[in-house]
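Inspection log for the structure reproduced underneath, given as structure tokens.
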Amino acid sequence: MPAPQWTQGTGSDYLEVKKDIHVLPNKKTVYMHMQDEKVYTKAWPYDTLKAVDLDTGKIKWTYHFYKAGIGYFNTDNSFLYAPNGTVYAYFEWENVLFSIHASGKENWMIRLPDQGKMHLMKDGTLLHVVSTSSKAGEETSTVYGYNKEGKQLFKKLIKGTVAKVSDTLIIVENHSASFTDFKADIYNSSMNRVFRYNFPQGSYTDLSYSLLLSNGNIIFRANLNKTGNRLIALSSKGKVLWGRDIPGNSEIIAAGDNYMVYLNKTVSLYNTKGLVAKQTFSNLNTEIPIYPLAEITGDDNILLNLRTAQYVLDQKKLSVLQEFVLNDTDAEIIYYNDNTVFSHLKKANKIAKYKLK
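Numbered by numbering that gives the first Met the number 0, the letters in the sequence shown go through residues 0 to 356 in order.
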């Protein structure tokens, strides 16, 4: 890696720089999630949202999540970023949701009914998911919907556990108390059920490992009685597209409209028709378990995180376009687009921007 163009941090070892940024290329801005403190106490750090100039690294504005008489707000969760530059920050311990304008001004703050998980949908709906019963076979969840003004749109009690959420669909897992009968209920952003998929009797699944692809297709992974591990693909309307056996010790990763399988240092890319390409990383350090992560970059490549190494891959051939060897062993690439790179430096407690040649 070349020397960074610029870095941003908190200036203090104990004020954390979160691994949470959001780049707005058209606004020449990058949002950063960090901690700060009040000068009269170091006991209660709180979160901030910084808008930083993409080219210079200079701070445009900072919003402080601190309110006198109310509290210091801090979360390990990532903020939620809308396309227009609005940022939503949910603080689970206080059950508070903020909306921050792209200018750095607060739009609103509301208190939520209970502790849960927050999701921003493609249509702008904010979903607050609260687990209301965890008894095996009788799980329930309450889902609250809010609009961009913070007004509650609905409150719905559903049977099951919310297992996975994309920006358009919600997967809810239902199973018997004996964990031998599994069902997947698929909901839209209004929490209206789109369809239900019944897994074969006696099979086992954990729907939190499901893949929600960019084209709306869904991939379930299940262990079937006679055939072992199997992937089952459905359309967003519930039509079964295909089924494929898969090694039980492999990992699966979403990659845009496609998916990848990782096994023994090799990544295989698949589309609806089948295998597209393979890439083996023979020098990969596998002394620690590898749980791959992937995302589609702004220039339509794949940023692949294999924990001990990171790569930018061509989305069609899986050829290696960039391999990242960082000077700081705890650094992690958290953004790539057209040779612009951001890394999170944990030991240095900074975010660094690089421009590759």
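Built from N, CA and C at the ideal position, the CB exists for glycine as well.
* Asked: Could you check where the beta strand (DSSP E) with E172 kicks off and where it finishes?
  -> The sequence position of residue 172 within the sequence shown is 173, counting from 1. E172 -> beta strand (DSSP E) spans 169 to 174.
* To do: Could you check which residue in K272, N263, S133 has the C-alpha nearest to that of E286?
  => Indexing the sequence shown from 1 puts residue 286 at position 287. For the options K272, N263, S133, the alpha carbon positioned closest to that of E286 is the one of N263.
* **Buried versus exposed call for I251 [16 or more other C-beta atoms within 10 Å across all chains shown]** => Numbered from 1 along the sequence shown, position 252 holds the residue referred to as residue 251. By the neighbour-count criterion, in which a residue is buried when 16 or more other Cβ atoms sit within 10 angstroms of its Cβ, I251 is buried.
* With DSSP run on the structure shown, which of helix, strand or coil describes Y145? -> Position 146 of the sequence shown, counted from the first residue, corresponds to residue 145. Reduced to three states, the DSSP call for Y145 is strand.
* Asked: Using 8 Å as the threshold, is the region 6 to 16 in touch with the region 25 to 37, meaning 3 or more CB pairs across them?
  -> Result yes; three or more Cβ-Cβ pairs closer than 8 Å.
* To do: Measure the alpha-carbon distance for Q309 versus I169 and round it to whole angstroms.
  => Stepping through the sequence shown from its first residue, residue 309 is reached at position 310. Stepping through the sequence shown from its first residue, residue 169 is reached at position 170. Distance between the alpha carbons of Q309 and I169: 29 Å.
* Which whole runs of the beta strand (DSSP E) in the region 219 to 304 are 3 residues long or more, in chain order? -> Whole beta strand (DSSP E) segments, 3+ residues: 227 to 233, 239 to 244, 250 to 254, 257 to 262, 265 to 269, 274 to 279, 292 to 295, 301 to 304.
* Where L303 and Y334 are concerned, what is the direct C-alpha to C-alpha distance, given to the nearest angstrom? -> As a first step, residue 303 must be located in the sequence shown, where it is residue number 304. As a first step, residue 334 must be located in the sequence shown, where it is residue number 335. Roughly 11 Å between the two C-alpha positions.
* **For N348 and G8, believed in contact at Cβ under 8 Å, the rounded distance** => For this step, residue 8 is matched to residue 9 along the sequence shown. For this step, residue 348 is matched to residue 349 along the sequence shown. Between the beta-carbon of G8 and that of N348 there is about 5 Å, and that keeps the pair under the 8 Å contact cut.
* To do: Decide yes or no for the touch test of the region 111 to 127 against the region 86 to 95: beta carbon pairs closer than 8 Å, at least 3 of them.
  => Cβ pair count under 8 Å is three or more, so yes.
* Decide if T47 is buried, meaning its Cβ has at least 16 other Cβ atoms within 10 Å, or exposed. => Your numbering for residue 47 matches position 48 in the sequence shown. Looking at its Cβ environment, which holds 16 or more other Cβ atoms inside 10 Å, T47 is buried.
* Asked: Relative to the C-alpha of S11, which residue among T204, L355, K345 is closest?
  -> To locate residue 11, count along the sequence shown from 1; it is residue 12. Scanning T204, L355, K345 for the CA closest to the CA of S11 turns up K345.
* Asked: Roughly how many angstroms separate the alpha carbons of L53 and L23, rounded to a whole number?
  -> What you label residue 53 is simply residue 54 of the sequence shown in a count that begins at 1. What you label residue 23 is simply residue 24 of the sequence shown in a count that begins at 1. If you take the alpha carbons of L53 and L23, they lie about 8 Å apart.
* Helix, strand or coil at S77 [DSSP, three-state] -> Numbered from its first residue, the sequence shown carries residue 77 at position 78. Reduced to three states, the DSSP call for S77 is coil.
* Reducing DSSP to helix, strand and coil, say where S207 ends up. => In the sequence shown, counting from the first residue as 1, residue 207 sits at position 208. Helix.
* Could you give the DSSP three-state label for N338: helix, strand or coil? => The residue labelled residue 338 in the question sits at position 339 within the sequence shown. Note: N338 maps to coil in three-state DSSP.
* Asked: In chain order, what residues of the same chain lie with their CB nearer than 8 Å to the CB of G247, ignoring the 5 residues before and after it?
  -> Reading the sequence shown from its first residue, position 248 is the one you call residue 247. The residues are N222, G227, N228.
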